[in-house]
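S.K.: I am attaching a structure below and will ask some questions about it afterwards.
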Amino acid sequence: MAAPAVHLRDITRHFGSVLANDAVSLELAPGEIHALVGENGAGKTTLMRVLYGLLEPDSGRIEVDGKPVRLRSPADAMRLGLGMVHQHFMLVGPLTVAENVMLGHEPHGRFGRFDLAAAVARVRELSERHGLPVDPAARIEALSVGAQQRVEILKALAHGARVLILDEPTAVLTPQEVDELFAALRSLQAQGTTIVLITHKLAEVKALSQRVSVMRAGRVVGGGATAELTIERIAGMMVGRAIATDLPRAATHPEVPLLAVELLDVNDDRGLPAVRRVSFAVRGGEIVGLAGVEGNGQHELIECIAGLRMPVHGSVLIGQQRVSCRSAAEHFAAGLAHIPSDRLRRGLVPAMTLAENLILGLQHEPDLGPGPYLDPETLDARAESLLAEHDVRPPEPRRLASQLSGGNQQKLIVARELSRGARAVVAAHPTRGVDLGAIEAIHRRLLAERDAGCAVLLVSSELSEILTLSDRVFVMYEGRLVHETSPAATDERTLGLHMTGRRGSVA
Amino acid sequence: MSRPRASGTRSAPRHARAPRAALLEGLAPLAALAIAFAAGALFILAIGEDPLAIYALMLHETLGTGYGLGQTLFKATPLIFTGLAVAFGFRSGLFNIGAEGQLYLGAFAAALVGAAWPAGPMPVLLPLAILAAASAGAAWGAIPGFLKARFGAHEVINTIMMNFIAFALVSFIGRGLFEPATVRTAEIAPGAQLARLSDWFPALRGAPVNLSLLLGLLCAAAAQVLLFRSRFGYELRAVGLNAPAAEYGGVRLGRAQTIAMAISGAIAGLGGTNFVLGYKHFFELGFPGGVGFLGIAVALVGRNRPLGVVIAAVVFGALSHGGLVINQRVPKELVDILEAIVILSAIAVQQIVARIARRLD
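Chains A and B are the protein sequences, given in the same order. If you count the first sequence from 1, you need to add 40 to reach this note's numbering. If you count the second sequence from 1, you need to add 44 to reach this note's numbering.
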C-alpha cells in the first residue's frame with residue numbers, strides 16, 4: 041500500500057479541562073472514502089479542524105503524502121491539497137457561483153482586472169469533469185441548498201483539493217439530493233480524490249464508505265473495513281452501549297386540540313406570502329409531523345405559532361386560548377414550548393452561561409429570585425439539575441453556551457423547553473446535527489411529552505424522524521398543506537415526492 | 045464583546061475560567077498603561093526632557109498630593125457618568141455616541157431647576173435638580189432609542205445628530221435666560237448645591253471634587269446590580285448579545301432598546317451635576333466639552349464593566365489633570381498622545397489577552 045494520503049499521529053488537543061482529542065491517530069488511504077463517525081463532542085470536528093489548520097494540536101504530528109507538515113492556517117492546508125466543506129456553508133450570497141468558487145485565486149485579465157469569462161469557463165469545466173452540475177452564472181442566494189453544497193465542493197476542488205473533508209453533508213438535503221451527492225462523491229473518488237465523511241447517519245456510512253473510524257470521548261475506539269461491520273456494531277462503538285431503534289409509545293386517546301391554527305396566512309421577510317390558508321389542530325397526546333423541503337413556509341408558520349411573526353390573516357390557538365402573535369412571552373404564558381430551528385440565532389445566547397441560557401423565556405418566573413432580581417445561586421442550582429437530567433456535557437452552569445458542541449447546545453435547549461411544563465410543544469428540526477445518543481434521548485423526551493398529554497408539532501426535513509415519531513403527518517409545499525397521511529400508510533419515497541410537489545394536491 | 049461575568053472565584057469547578065486566564069485579564073490594563081507610558085517616554089526624550097522626571101512629577105501631582113488627588117477625581121467624575129452611559133448602551137447592544145449632548149442638556153436642566161427657587165430647602169431642591177439632570181438626559185437618549193425601535197433608524201447617526209440639536213437648543217433657549225452680557229445662567233440656590241468633599245476631607249482643600257463623585261459611584265453600583273443581577277438587566281444583556289434570541293425569549297426588543305437608551309441618557313445627564321451643582325453653580329455655554337466622547341474611550345478601556353469604567357475614568361482623570369501640571373516642561377499635547385496610546389494599547393492588549401486566555405481555557 042502506498043503512503044497514506046494523510047496520516048494523523050497521536051493528536052492531542054485540550055479545551056480547558058476538556059480533552060477533545062486524546063492521542064488520536066487516523067490514516068487516510070489515497071482514493072478512499074473514509075467515514076468518521078461519533079457522537080457530538082466525541083472530537084471528530086476538533087480532529088478535522090486540526091487537519092484543516094484551524095486549530096493547532098497540543099501535541100502530535102500530521103503527515104501528508106508521507107511527509108511531516110505543520111498546518112498553521114487553512115491556507116497551509118489548501119496548499120497541501122486539503123479541502124473542507126463545512127456544515128454551515130462559507131459562501132457569499134449575492135455573488136455568483138463562479139465568483140464564489142474563484143474567490144481567493146481569481147483569474148486576472150489585463151491591468152489586474154477580474155476575468156469573469158475565464159472564471160466561468162474554469163468553473164464550468166470543473167463542474168462537468170466532476171459531475172457536479174451547477175450554473176456558474178447563478179447567484180448563490182438563488183440556489184437550493186443542495187446546489188450550494190455542490191458549489192462548496194467545487195470551491196475546494198478549484199483550490200486543488202485532493203483530500204476532501206465533508207462535515208455532515210447530508211444534514212440539510214432531501215433524499216433525492218442525497219442520492220445526487222453520493223453519485224458525485226463516487227465519481228470524485230473514481231478520479232482519485234480521497235474523501236473524509238463526517239456523519240451521524242450510519243446508513244450513509246454503509247452506503248458510501250470503504251473504511252470507517254469511530255470516535256468516542258476524544259479517542260478512536262474502533263473502526264475498520266466498512267463491509268465487515270454491521271450498523272449495530274458501529275452504533276455500539278459510538279455510544280458504548282446498545283441503541284434502541286424502536287421506542288415504546290403508550291396508547292393515548294387524543295381528543296382536545298391544544299395547538300391549532302385557523303386559516304393562517306403569513307408573509308416572509310420580503311413581504312411575500314409564505315403560508316397560505318393553513319389550518320390544522322394538534323390534540324393533546326399526539327405528535328403531528330410536518331414534512332417538507334425547507335423554505336416552503338414551515339419557518340414562517342412556526343415563527344407565527346411562537347409569537348415571533350404576525351400573521352396577515354387567521355389565528356393561532358394555544359391550549360384553546362387565542363394568542364396575539366405579538367410577543368413570544370404571551371405564547372409561552374399560554375403554555376407553549378418552542379425548540380427553534382436555528383439554535384445559535386434564536387435558541388441560545390452563545391455568549392451567556394449555560395445557567396443564563398436555561399432561563400431564556402423564563403426570566404420572569406417568580407421562583408428564580410426575589411422581586412426584580414435573579415438569584416445566581418438559584419440559577420446555578422436549577423442549571424445543575426437540568427444539565428444532569430438531560431446529560432448536557434460538560435455540566436458546568438457557568439460555562440458559556442458557545443463552548444458546547446452543537447449536540448450539547450441542542451440538548452440544552454431541549455432541557456429548557458421541556459422543563460416549562462408546556463401543554464403544546466413545537467419542535468423544529470430538534471435533532472439536526474445531533475448525534476445518535478442525543479437523538480434517541482430527544483426522541484424519548486418528545487414521546488414522553490406526548491404520552492403525558494401534550495400536543496407536539498414536529499417539523500423536520502428528516503423523514504425517518506417524522507415517520508418514527510408522528511401519529512399523523514402533513515406535507516407542506518409552497519405554503520400549503522398538500523398531503524395528510526399516517527406513518528403506517530406511507531414511506532419516505534412517497535413523502536419525498538409530495539414534498540417536491542410531484543403528487544397531486546389533496547388539501 | 046467581553047464576558048458578562050468576572051470570575052473571581054479560584055478553584056470552584058463551576059467556574060469555567062482558568063485562574064491563570066483571570067489573573068492575566070486583571071493585569072491587562074496595567075500592561076496597557078505601561079506600554080502607553082513607554083511610548084510616551086520616546087516623545088519626551090525627543091523633546092529633550094527626562095521621561096522619568098516628568099512621569100514622577102505627573103504621578104506626584106495627580107495622586108501624591110491631596111489637592112492633586114482632588115483635581116484628578118474632579119476630572120474623573122463626569123467621565124464615570126459618560127463612561128457608564130456608553131457601557132450601559134453597549135451591554136444592551138446600542139452604541140450611544142450622544143452622551144455629550146445628554147450631559148450638556150442634563151447640566152442645563154439642573155441649572156434651571158436649581159436657580160428657579162432661590163429659597164428652596166436642600167432636601168427638596170437638590171433631589172429635584174438632580175432629577176432634572178437625569179430626566180433631560182433620559183429624554184434625549186430615549187428619542188434615538190424610540191426612533192430605532194419604531195423605524196429601525198440607526199442610533200449611531202441619531203445620537204450624533206441629537207448632540208448638535210442639544211447644543212443648538214441650549215443656545216436658543218439660553219438667549220432669553222442668560223445673565224446680561226454673559227453666556228451663563230443665574231447662580232443656583234444654596235439648597236441645590238452639592239458640597240465639596242474637602243468639607244469632610246480637608247486634605248483635598250482647593251480641589252472642586254464634590255458629592256457628584258459619590259453619585260457617580262452609586263450609579264456604577266446600580267448599573268452593576270441592574271445589568272447583572274436583575275431580570276430586566278438579563279433581558280437587556282440578551283438583547284445586546286443576541287437580539288433574535290432575546291425576542292424568542294419573550295423580550296420586546298423595541299421597548300427594551302428604548303428603555304436602555306433612556307437609562308443610558310439619564311446616567312449621562314447626571315454627569316452634568318458635577319460642573320453645575322458641585323463646582324461653578326451655574327451653567328455656562330460650551331462648558332468643558334468632550335467628556336461625552338471621552339466616555340466612549342472610558343467604556344472601552346473599562347471593558348463595559350461598571351467597576352472597570354470607574355477605574356478607567358480615574359486614569360483618564362489623572363491624565364487630564366497631569367497634562368496641566370507638566371505643561372511648563374513639555375507641551376500639554378503630550379497628554380493627548382498618552383490618552384490616545386492608552387486607548388489603542390488597551391484595545392490591543394485586550395485582544396491579545398483574550399487570545400491567550402482562549403488558549404489557556
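Backbone N, C-alpha and C fix where the C-beta goes; we use that ideal spot for every residue, glycine too. Being a predicted model, the structure only gives us computed values, none of them experimental.
Check for me: the alpha helix (DSSP H) holding residue 102 of chain B runs from which residue to which?
M.R.: For this step, residue 102 of chain B is matched to residue 58 along the second sequence. Looking at the DSSP string, the run of the alpha helix (DSSP H) that includes residue 102 of chain B is 95–103.
S.K.: Pairing CB atoms from the region 340–360 of chain B with CB atoms from the region 370–377 of chain B, are three or more of them under 8 Å?
M.R.: No: fewer than three Cβ pairs fall under 8 Å.
S.K.: Among residues of its own chain, excluding the 5 on either side of residue 277 of chain A, which ones have a beta-carbon nearer than 6 Å to its beta-carbon?
M.R.: Stepping through the first sequence from its first residue, residue 277 of chain A is reached at position 237. Once the five neighbours on either side are set aside, the close Cβ partners of residue 277 of chain A are 254, 261 and 262.
S.K.: Shortest alpha-carbon distance to residue 178 of chain B belongs to which of B:126, B:198, B:205 and B:193?
M.R.: Within the second sequence, numbered from 1, the residue matching residue 178 of chain B stands at position 134. For residue 178 of chain B, the nearest C-alpha among the options comes from B:126.
S.K.: Closer than 7 Å, Cβ to any Cβ of chain A: which residues of the region 258–276 of chain B, in chain order?
M.R.: Cβ contacts with chain A come from 273, 274, 275 and 276.
S.K.: The beta strand (DSSP E) with residue 218 of chain A in it runs from where to where?
M.R.: Position 178 of the first sequence, counted from the first residue, corresponds to residue 218 of chain A. Looking at the DSSP string, residue 218 of chain A is not in any beta strand (DSSP E); the run it does join, the alpha helix (DSSP H), is 215–230.
S.K.: Taking CB distances under 8 Å as the criterion, tell me whether residue 404 of chain A reaches chain B.
M.R.: The count along the first sequence starts at 1 and reaches residue 404 of chain A at position 364. Chain B, which has a Cβ nearer than 8 Å to the Cβ of residue 404 of chain A, makes this yes.
S.K.: Of all the options B:128, B:88, B:133 and B:72, which has the alpha carbon lying nearest to the alpha carbon of residue 303 of chain B?
M.R.: The residue you call residue 303 of chain B lines up with position 259 of the second sequence. Here the closest residue by C-alpha is B:133.
S.K.: In three-state DSSP terms, what is residue 302 of chain A?
M.R.: Residue numbering aside, residue 302 of chain A sits at position 262 when the first sequence is read from its first letter. Strand, per DSSP.
S.K.: Would you say residue 116 of chain B and residue 361 of chain B are within 8 Å of each other, going by their C-beta atoms?
M.R.: Against the second sequence, residue 116 of chain B aligns to sequence position 72. Against the second sequence, residue 361 of chain B aligns to sequence position 317. Yes. Within cutoff.
S.K.: Would residue 351 of chain A and residue 279 of chain A be called neighbours here (beta carbons separated by less than 8 Å)?
M.R.: Counting from one through the first sequence, the residue named residue 351 of chain A turns up at place 311. Counting from one through the first sequence, the residue named residue 279 of chain A turns up at place 239. Result no, Cβ atoms of residue 351 of chain A and residue 279 of chain A do not sit closer than 8 Å.
S.K.: May I ask you to list, following chain order, the residues of the region 255–279 of chain A that have a beta carbon less than 9 Å from some beta carbon of chain B?
M.R.: Within the region 255–279 of chain A, no residue has a Cβ that lies closer than 9 Å to any Cβ of chain B.
S.K.: Given a limit of 7 Å on CB to CB distance, which residues of the region 362–387 of chain A reach chain B?
M.R.: Against chain B - using a Cβ distance shorter than 7 Å - the residues of the region 362–387 of chain A are 367, 368, 369, 372, 380, 385, 386 and 387.
S.K.: CB residue 33 of chain A to CB residue 441 of chain A, shorter than 8 Å?
M.R.: This structure gives no information on residue 33 of chain A, because the portion of chain A shown stretches from 41 to 547.
S.K.: Examine chain A for any beta-carbon lying closer than 8 Å to the beta-carbon of residue 255 of chain B, and answer yes or no.
M.R.: Indexing the second sequence from 1 puts residue 255 of chain B at position 211. Chain A contact via Cβ: absent.
S.K.: For residue 400 of chain B and residue 313 of chain A, I'd like the C-alpha separation in whole angstroms.
M.R.: Sequence index remark: in the second sequence, residue 400 of chain B carries index 356 (1-based). Sequence index remark: in the first sequence, residue 313 of chain A carries index 273 (1-based). Answer to the nearest angstrom: the Cα atoms are 49 Å apart.
S.K.: Buried or exposed for residue 295 of chain A, please, with buried defined as at least 16 other CB atoms from any protein chain shown within 10 angstroms of its CB.
M.R.: Here residue 295 of chain A refers to the residue found at position 255 of the first sequence. It counts as exposed.
S.K.: Determine, using beta carbons only, whether residue 377 of chain A and residue 323 of chain A come nearer to each other than 8 Å.
M.R.: Taking the first residue of the first sequence as position 1, residue 377 of chain A is located at position 337. Taking the first residue of the first sequence as position 1, residue 323 of chain A is located at position 283. Their beta carbons are not under 8 Å apart, which means residue 377 of chain A does not touch residue 323 of chain A by this criterion.
S.K.: Taking all protein chains shown into account, decide if residue 372 of chain A is buried (16 or more other Cβ within 10 angstroms of its Cβ) or exposed.
M.R.: The sequence position of residue 372 of chain A within the first sequence is 332, counting from 1. Looking at its Cβ environment, which holds 16 or more other Cβ atoms inside 10 Å, residue 372 of chain A is buried.
S.K.: For residue 432 of chain A, decide whether its Cβ has a neighbour in chain B, counting only Cβ atoms nearer than 8 Å.
M.R.: As a first step, residue 432 of chain A is located in the first sequence; it is residue number 392 there, counting from the start. With 8 Å as the cut-off, residue 432 of chain A does not count as an interface residue toward chain B.
S.K.: Quick check: residue 356 of chain A and residue 342 of chain A, are their CB atoms within less than 8 Å of each other?
M.R.: Locating residue 356 of chain A in the first sequence gives position 316, counting from the first residue. Locating residue 342 of chain A in the first sequence gives position 302, counting from the first residue. Going by C-beta atoms, residue 356 of chain A is not nearer than 8 Å to residue 342 of chain A.
S.K.: Alpha carbon to alpha carbon, how far is residue 182 of chain A from residue 77 of chain B?
M.R.: Position 142 of the first sequence, counted from the start, is the residue given in the question as residue 182 of chain A. Position 33 of the second sequence, counted from the start, is the residue given in the question as residue 77 of chain B. Their backbone Cα atoms lie some 51 Å apart in a straight line.
S.K.: Would a C-beta distance cut-off of 8 Å place residue 323 of chain B and residue 252 of chain B closer than the cut-off?
M.R.: Reading the second sequence from its first residue, position 279 is the one you call residue 323 of chain B. Reading the second sequence from its first residue, position 208 is the one you call residue 252 of chain B. Yes; because the gap between Cβ atoms is below 8 Å, this pair is in contact.
S.K.: Please list the terminal residues of the continuous beta strand (DSSP E) segment that includes residue 78 of chain A.
M.R.: Start at 1 with the first residue of the first sequence, and residue 78 of chain A comes out as number 38. Here the beta strand (DSSP E) through residue 78 of chain A covers 73–78.
S.K.: Any Cβ of chain B within less than 8 Å of the Cβ of residue 413 of chain A?
M.R.: Position 373 of the first sequence, counted from the start, is the residue given in the question as residue 413 of chain A. For residue 413 of chain A, the answer is yes, since a Cβ of chain B falls inside 8 Å of its Cβ.
S.K.: Please classify residue 91 of chain B: is it buried, with 16 or more other beta-carbons within 10 angstroms of its beta-carbon, or exposed?
M.R.: Along the second sequence, one-based indexing puts residue 91 of chain B at 47. Exposed, because fewer than 16 other Cβ atoms sit within 10 Å of the Cβ of residue 91 of chain B.
S.K.: Run down chain B in chain order and give the residues with a C-beta less than 8 Å from the C-beta of residue 95 of chain A.
M.R.: As a first step, residue 95 of chain A is located in the first sequence; it is residue number 55 there, counting from the start. Going along chain B, no residue has its Cβ under 8 Å from residue 95 of chain A, so there is no contact; the nearest lies around 10 Å.
S.K.: Report the residue from B:297, B:218, B:310 and B:122 whose alpha carbon sits nearest the alpha carbon of residue 192 of chain B.
M.R.: If you number the second sequence from 1, residue 192 of chain B lands on position 148. That would be B:297, whose Cα lies nearest to the Cα of residue 192 of chain B.
S.K.: By Cβ distance below 6 Å, which residues in the same chain neighbour residue 327 of chain A in space, the five residues on each side in sequence not counted?
M.R.: Translated into the one-based positions of the first sequence, residue 327 of chain A becomes position 287. So the list reads 490, 496, 498, 509, 510 and 511, once near-sequence residues are dropped.
S.K.: Which residues, in chain order, does the region 451–463 of chain A contribute to contact with chain B at a C-beta distance below 9 Å?
M.R.: Cβ contacts with chain B: none found.
S.K.: Which chain A residues are close to residue 285 of chain B, counting only those with a beta carbon under 7 Å from its beta carbon?
M.R.: Here residue 285 of chain B is taken as the residue at index 241 of the second sequence, counted from 1. Neighbours of residue 285 of chain B on chain A, chain order: 389, 391 and 392.
S.K.: For a contact defined as C-beta to C-beta under 9 Å, what are the partners of residue 473 of chain A on chain B?
M.R.: In the first sequence, counting from the first residue as 1, residue 473 of chain A sits at position 433. The premise fails here: residue 473 of chain A is roughly 18 Å from chain B at the closest Cβ pair, so nothing lies under 9 Å.
S.K.: Answer with yes or no whether the minimum CB distance from residue 52 of chain B to chain A is below 8 Å.
M.R.: As a position in the second sequence, residue 52 of chain B is number 8, starting the count at 1. Low confidence applies to residue 52 of chain B: its pLDDT is 37, below 50, so where it sits in the model is not reliable enough to give any reading.
S.K.: Within a Cβ cutoff of 8 Å, which residues of the same chain sit near residue 198 of chain A, ignoring the five residues on either side of it in sequence?
M.R.: Your numbering for residue 198 of chain A matches position 158 in the first sequence. Cβ within range, chain order: 141, 142, 145, 162, 163 and 166.
S.K.: Could you tell me which of A:196, A:275 and A:154 sits nearest to residue 476 of chain A, measuring between CA atoms?
M.R.: As a first step, residue 476 of chain A must be located in the first sequence, where it is residue number 436. That would be A:275, whose Cα lies nearest to the Cα of residue 476 of chain A.
S.K.: In the DSSP assignment, the beta strand (DSSP E) including residue 345 of chain B goes from what residue to what residue?
M.R.: Translated into positions along the second sequence, residue 345 of chain B becomes position 301. No beta strand (DSSP E) holds residue 345 of chain B; the alpha helix (DSSP H) holding it covers 335–345.
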